[in-house]
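In the working numbering, the protein residues as written are 2 to 203. We treat Cβ as the ideally placed atom computed from N, Cα and C, and that holds for glycine.
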């Protein structure tokens with residue numbers, strides 16, 4: 002099992018974390034503007050021309066497939082000035098995350114990383130996402146010890162945490178994961194476009 006479902010690293014809690022409910026009015030616009038602002042900030046901090054979008058997860062578990070689904074959808078959308086890593090055909094998960102880190106360090110060491118992963122949380126947050134500055138701890142929700150990664154994060158809450166996490170991920174409904182993946186991928190695409198537009202007008 003290659004699950005890498007995440008928890009937000011504590012270092013991110015010094016920065017505001019935005020909870021987005023895709024069912025709320027204007028949720029996509031709110032998400033895109035908030036994320037676009039964060040992308041613009043980290044690209045300025047790094048003096049970076051682009052950003053890495055690292056979509057973490059495994060296509061072998063319904064709940065954990067959120068990241069690869071987002072990555073595959075983004076490959077089709079071609080977000081501006083972004084490199085997408087982690088798709089259904091080439092997933093980034095617990096078993097190859099170290100290798101992926103090495104690749105990023107070798108080829109993209111000067112670029113900020115937006116990490117995307119599935120998460121488990123409270124029942125009222127299922128189907129929502131959390132966005133903020135900071136890193137993710139992949140695998141923390143399923144008791145895997147992997148080092149934090151990312152400068153920005155998006156965590157999609159796909160099911161309830163706290164008990165039998167691996168089983169919960171395996172039995173998560175695709176009807177929750179797929180719409181959330183679509184919402185996140187479109188939000189990232191719009192946010193990257195917005196960040197690039199604001200950069201070009203300043």
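Look at residue 65 here: in three-state DSSP terms it is helix.
The residues 182, in chain order, have a CB closer than 6 Å to that of residue 70 in the same chain once the five nearest residues on each side in sequence are set aside.
Counting the other Cβ atoms within 10 Å of the Cβ of residue 94 gives 16 or more, which makes it buried. Here DSSP, grouped into helix, strand and coil, assigns residue 146 to coil.
Between residue 134 and residue 195, the beta carbon gap of about 17 Å keeps them out of contact (Cβ cut-off 8 Å).
According to the DSSP assignment, residue 43 belongs to the alpha helix (DSSP H) that extends over 28-47. A residue is called buried when at least 16 other Cβ atoms come within 10 angstroms of its Cβ; residue 176 does not meet this threshold and is exposed. Our two residues, residue 19 and residue 77, have alpha carbons roughly 26 Å apart in a direct line. Counting along the chain, the unbroken alpha helix (DSSP H) around residue 101 starts and ends at 98-108.
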